[in-house]
Amino acid sequence: MLYYSGFTRRIGEVDEGSTVMDYLPAERARGITITSAAITFSWTPSTPDSSPHTINLIDTPGHADFTFEVERSIRVLDGAVTILDGVAGVEAQTEKVWRQAERYNIPRIVFINKLDRIGARFGPTVKEIAAKLNGWPAVCQLPIYENDGKGGEDVFRGLVDVVDQRIFMWPLGGDGQKIDLHDYAWLETNKPELHAEALTARIALVELLSEYDEDLVEVFLELGDHHLIQATDIKKSLRKATLKGDGRIIPVLCGASFRNVGVQPLLDAVIDFLPSPLDRPPVEVSYDRGKHRGFLEVTDDKVCALAFKVVNDPKRGAMVYVRVYSGTLTRAHQLYNTNLCEKERAQRLVRMYADEAVDIAEIPTGHIGVIIGLKHARTGDTLVSETPRAHKQKHHKHGKNGPPILSTESLQLRPIEIPPPVFFASIEPLSLSEQKPLEEALAMLLREDPSLHISVDEDSGQTLISGMGELHLEISRDRLVNDLKAKAEMGRILISYRETVPPGPASEYTRKVFDKEVAGKRIAAACAVSVEAIDIISPGEATVDGNIVSVVFETSSTTDPENGQVTETRMPKWMDEAALQEALIGGATAALGRGPALGFPVRNTRVRIKVDLAQDIFGQESTLAAFASAARLATTAVLREAAAGESILMEPVMDVVVTCDQKHIGQVVADISGARGGHVLELGGLDIEAGEDSEINLSKVYAPGMKMSAAGARDEGSRKRTVRARVPLKEMVGYLKHLRSFTAGRGTFVMELEGWEKMNGNRAKDVLQEVRGG
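No gaps in the numbering here: position 188 of the sequence shown is 188 in UniProt numbering, and each next residue is one more.
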């Protein structure tokens, strides 16, 4: 894309480590994308009278360990190109990322790549799109295979544009710049079978769009022929269907980027079918920490931007990637961080071209750029124009029954969801003098990647770093040592377990008083806490890290014996009930972060906090901080009492999808259900017509039926099958090496956290022995 748009002068290769977007040494060494990279370039479509369009492109990783990189990129993008392997089809990780885009209602198109490889099959891959991605594939292009003229097999040479009714042919071995264009007359003469298929494909495309677009039906009724409908009408209908973002109609294109075939038509399709910022629905926002919800009012003078990525550059310092949703962000702009309640100045603005930065004067609405000079902004923070009294503004009611007028100080864009970590490792400085530099480096690493968690073991004083997977922690260690220059070493990578209280009725309330002098001033408060194990969390119940925490304020009444007057104890006027409740929940949550037996976080526990307004509030000394500390003390105490030395461990259980050849399916199933103690949930992939869990009737899906495959189609034994299973994470450590050993290197798998399960006696004993080093 960068080469054909004129941005670069040569095409980079992943295998050679010469790509523009994968610029980190670790990415080039491993040949994978680790961190998302942004770049901006211009493209002018090939249609007549077209004007240049600016494209902000983000290249995201595909590895499951870096799913957060995909999450935060999808959060700020307007559209997505989903790239499929023409040999492997729709893989398990593709389905996972597709669901991520679905959550944000992102319009998507599909590009079936690698059609030049042996075993690539276009038609079956189109069927898989319907079966696994649960949408109707709108086939816009067909691949063309031709003999190479050297007596060899057919090779991928070009494609049929079903919408524009044109033929694109690329010379063999070229850089893709030269394209030979033909009309359908050339196709009819040279490839009559493909010509007939192209006519069928257009009829199928028009019929599919007509089910969702009445305007196209009217055009068809007026002309009476599928082939007489103008390309502009079909593109308009396809664009309308794609912009809905529901994934019901999925434009499908094809190509082979290694052979430089099909990239320019894909760029045209990005302009034709994917939205500009103006086409997207209003942006959802919340006020006052989620108490009020609404939509962002886009204006020229009020800036509202989302910080979606922070990168520490050795020369430039912290670089904050932002997407501007309203206004124009200019250099030296005063900004207010509504998440941290901090004022900052955008000292310098740059536009990133992968790892190269170019200074710019402003970032307009809808664009992506980088702010240099922000000291506090983190991933997910909302930045707005700072008003002179931003930190003093409050929302207030307009009239008695009117809607609340909400200030921008509390405005927050939809946050970026952070998945829970499942692996952890200890990290230690090489000497005591390196402790502070290590803490600073860890703080920067955490600011860059919020899917990492840093905690300190209270007993041993060890610093623990938690992440999404083994590769994730390895890359984080490399970043820490090589890029952030921290002199430290990481211990063994271990699994992050959880603890829970024993089953049974709720415990008795345990009351604790916090009474301490801080900075010469006494603060004191009290509360009582009860805990109870819960097996199932009902849908709709609010959870905090897998636990349910509730607060009850008890009132009491006293009767004056002299006059019989009844006095009720109420919440003091100077105390905000909502803020008090938040402080109590925060204190209890902090205690739940460290279990009573092994120090693992506590899950599946119901915590009830009770505050007696007559006994637990000690006048003005009862600050919010005092109540948070009292809740933490009481929760810690009641957890220890409930556990009573009995440690109930919970282990992470993964939803695993293994892809292998048909001939190895028996070995994979036996290994998972036998040696690894997993539960096989379903087998898929053999009969695509069955549709698996798809809501789409696959018999009505158009997929090219003629030979549209690369040479050397695989035998029946090498057809891809999938095994979906629930397996404890402990048993999946090092599984890839084992899987490849008995699948001749062809087996792959992806997994994601499904939840935590209580461990039985023998497994728990093994883990306890491992954790305690016994």
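For glycine and all other residues, C-beta sits at the position ideal for the given N, C-alpha and C.
With 16 other Cβ atoms within 10 Å as the buried cut-off, status of residue i
| i | result |
| --- | --- |
| C660 | buried |
| H679 | exposed |
| R103 | exposed |
| L133 | buried |
| V358 | exposed |
| K235 | buried |
| A634 | buried |
| A591 | buried |
| S51 | exposed |
| P282 | exposed |
| I536 | exposed |
| Q230 | exposed |
| W574 | exposed |
| P265 | buried |
| V163 | buried |
Boundaries of the beta strand (DSSP E) in which residue i is found, first to last residue
| i | result |
| --- | --- |
| S629 | Unbroken run through S629 is the alpha helix (DSSP H), L624 to A643; no beta strand (DSSP E). |
| S538 | Unbroken run through S538: none, as it is neither H nor E. |
| A231 | No beta strand (DSSP E) contains A231, which is instead part of the alpha helix (DSSP H) from A231 to L243. |
| K516 | T510 to V518 |
| R75 | Looking at the DSSP string, R75 is not in any beta strand (DSSP E); the run it does join, the alpha helix (DSSP H), is T67 to V76. |
| P429 | F423 to P429 |
| I548 | I548 to E554 |
| K343 | E342 to A346 |
| N56 | H53 to D59 |
| G684 | H679 to G684 |
| A488 | A488 to M490 |
Residues near residue i by beta carbon distance below 6 Å, same chain, minus five either side
| i | result |
| --- | --- |
| Y3 | I11 |
| H333 | A346 |
| A525 | F514, S622, A626, F627 and A630 |
| S550 | R608 |
| H182 | I167 |
| V602 | E499, L592 and G595 |
| I427 | T463, I465, A488 and M490 |
| R632 | G587, A590 and A591 |
Residue i in three-state terms, based on DSSP
| i | result |
| --- | --- |
| E312 | Reading off the sequence, residue 312 comes out as Asn, not Glu. Three-state result, N312: strand. |
| D671 | helix |
| K96 | helix |
| N760 | coil |
| N260 | coil |
| N482 | helix |
| V283 | coil |
| P415 | coil |
| H227 | helix |
| R117 | coil |
| K375 | coil |
| K610 | strand |
| H738 | helix |
| T125 | helix |
| V163 | coil |
| D183 | strand |
| P137 | strand |
| H333 | strand |
| E409 | helix |
| K178 | coil |
N-terminal and C-terminal residue of the alpha helix (DSSP H) that residue i is part of
| i | result |
| --- | --- |
| residue 781 | Residue coverage of the chain in this structure runs from 1 to 774, which leaves residue 781 outside it and unanswerable. |
| Q581 | E577 to L592 |
| residue 840 | Lying before the first or after the last residue shown, residue 840 is absent from the chain, which here runs from 1 to 774. |
Residue-level contact to chain D via CB, residue i, 7 Å cutoff
| i | result |
| --- | --- |
| S557 | Absent from the structure: chain D. Only one protein chain is present. |
Strand pairing of residue i, partner residues [DSSP]
| i | result |
| --- | --- |
| K720 | D661 |
| L306 | R323 and T382 |
| I106 | Its beta-bridge partners do not exist; DSSP assigns none. |
| S466 | F424 and H453 |
| H292 | Y287 |
| R351 | V358 |
| V701 | The partner list for V701 (beta bridge, DSSP) is empty, contrary to what the question assumes. |
| G158 | I144 and M169 |
Residues near residue i by beta carbon distance below 8 Å, same chain, minus five either side
| i | result |
| --- | --- |
| D213 | S237, K240 and A241 |
| N762 | none |
Proximal residues to residue i (C-beta, below 7 Å), its chain only, five neighbours per side dropped
| i | result |
| --- | --- |
| K392 | Residue placement at K392 is flagged as unreliable, the pLDDT there being 38, under the threshold of 50; the coordinate-derived value follows with that caveat. Closer than 7 Å at the Cβ level, and outside the excluded window around K392, lies no residue. |
| P275 | D78, G79, P107 and L243 |
| A486 | P437, L438, A441 and L480 |
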